[in-house]
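K.L.:
Those sequence lines, one after another, are chains A and B.
Numbers 2 to 114, taken from my numbering, label the letters of the first sequence in order.
Numbers 2 to 114, taken from my numbering, label the letters of the second sequence in order.
Cβ atoms here follow ideal geometry from the backbone N, Cα and C, with glycine treated the same way.
Starting off with a structure, shown below.
There are 2 protein chains.
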Amino acid sequence: MQPKRIIEAKQKARTPLLGAIYETADDLARLGLIEKRTMSRYQALCLAPVEPFDAEQIRLLRKRQRLSQTVLAAVLNTSPSTIRKWEAGEKRPSGPSLKLLNLLARKGLDGVV
Amino acid sequence: MQPKRIIEAKQKARTPLLGAIYETADDLARLGLIEKRTMSRYQALCLAPVEPFDAEQIRLLRKRQRLSQTVLAAVLNTSPSTIRKWEAGEKRPSGPSLKLLNLLARKGLDGVV
DNA sequence: ATTTTTTATATCACTTAGTGGCATAGATAA
DNA sequence: TTATCTATGCCACTAAGTGATATAAAAAAT
């Protein structure tokens with residue numbers, strides 16, 4: 002009787018990235034190197050860190066993508082007035098907004114369309 | 002002397018998607034079918050519409066991706082308490098949050114990592 | 001050259017999403 | 001049994017986000 006795979010029941014990987022991570026974690030678990038309990042954290046660990054963007058960096062990012070404030074607002078599904086305030090330093094982007102800015106910076110416009 | 006390309010000066014496409022759109026728009030402009038002025042709108046028009054997500058749909062999306070509330074929060078760069086409130090119907094996701102949920106639904110986890 | 005449109009800036013008051021803490025309870029795995 | 005993860009509930013607070021509108025500069029049309 003084969004040793005059971007530890008993750009399959011609850012966590013069936015749907016994406017290539019998580020798939021690879023699950024397999025690795027599964028191997029580690031069978032080797033006794035990690036507890037199954039630890040695994041749920043790996044899902045979070047594989048996330049690219051979200052970098053902060055200050056006012057000028059946001060403007061630079063927008064210019065680099067050749068977008069107007071209005072179009073960037075549409076891309077991020079927010080309002081032009083919000084974009085303006087970010088670039089004026091009056092407000093700072095929320096968590097999810099920062100995440101989108103990071104995606105835009107790393108993957109380009111196609112990555113967030 | 003060749004007819005000038007209408008967009009090249011200001012708008013040099015960086016991404017495949019916008020590149021194709023710019024070319025198309027440029028052709029249309031040279032054919033006299035659209036004004037250059039109209040072009041900036043095409044940037045916005047090519048965005049996938051952002052669908053609303055209600056409480057149950059958010060939970061379904063999360064379950065389908067096999068994520069806990071905590072991990073989904075990490076993915077979207079928000080707090081677990083926010084996810085909880087979405088799924089409880091106490092709060093509704095902000096614009097950028099909705100955008101991220103849409104990306105997750107359409108592209109899967111790899112699309113937002 | 002002048003007219004029109006886009007783009008960006010600015011200010012206002014308001015709404016509401018988001019946060020953090022903490023306590024409870026169920027499910028799961030050691 | 002014991003420990004951990006997961007989810008829920010309640011609280012009050014903060015700050016991001018919105019919408020309207022007015023102005024000015026930049027860009028592109030005629």
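How many angstroms separate the CA atom of residue 68/A from the CA atom of residue 53/A?
P.N.:
Spanning the two alpha carbons is a distance of roughly 20 Å.
K.L.:
Verify the CB distance criterion: does residue 95/A have a CB-CB separation below 8 Å to chain B?
P.N.:
Taking Cβ atoms only, chain B reaches closer than 8 Å to residue 95/A, which makes this a yes.
K.L.:
Taking 8 Å as the cut-off, decide whether the C-beta atoms of residue 80/B and residue 97/A are in contact.
P.N.:
Their beta carbons are not under 8 Å apart, which means residue 80/B does not touch residue 97/A by this criterion.
K.L.:
Three-state secondary structure (DSSP) at residue 91/A?
P.N.:
Correct three-state label for residue 91/A: coil.
K.L.:
Assign residue 52/B to one of three DSSP states: helix, strand, or coil.
P.N.:
Three-state DSSP puts residue 52/B in coil, outside helix and strand.
K.L.:
I believe residue 70/B touches residue 84/B by the beta-carbon criterion, under 8 Å. Please report the beta-carbon distance rounded to the nearest angstrom.
P.N.:
4 Å between Cβ atoms; contact.
K.L.:
Using beta carbons (cut-off 8 Å, strictly below), is residue 75/A in contact with chain B?
P.N.:
Taking Cβ atoms only, chain B reaches closer than 8 Å to residue 75/A, which makes this a yes.
K.L.:
If we cut at 8 Å on Cβ distances, does residue 49/A have a partner in chain B?
P.N.:
True, the Cβ-Cβ gap to chain B drops below 8 Å.
K.L.:
Could one say the Cβ of residue 82/B lies closer than 8 Å to chain A's Cβ atoms, at least one of them?
P.N.:
Answer no: the Cβ-Cβ gap between residue 82/B and chain A never drops below 8 Å.
K.L.:
Going by alpha carbons, who is nearest to residue 109/A out of 76/A, 87/A, 56/A, 47/A?
P.N.:
Ranking 76/A, 87/A, 56/A, 47/A by Cα distance to residue 109/A puts 76/A first.
K.L.:
Candidates 93/B, 50/B, 78/B: which alpha carbon is nearest residue 58/B's?
P.N.:
Ranking 93/B, 50/B, 78/B by Cα distance to residue 58/B puts 93/B first.
K.L.:
Could you tell me whether the Cβ of residue 100/A comes closer than 8 Å to any Cβ of chain B?
P.N.:
So yes, residue 100/A belongs to the interface.
K.L.:
Return the CA-CA distance between residue 56/B and residue 86/B, expressed in angstroms with no decimal places.
P.N.:
Residue 56/B and residue 86/B: Cα-Cα distance of roughly 9 Å.
K.L.:
Please decide whether residue 62/A counts as near chain B, where near means a Cβ-Cβ distance under 8 Å.
P.N.:
No - not a single Cβ of chain B is within 8 Å of the one on residue 62/A.
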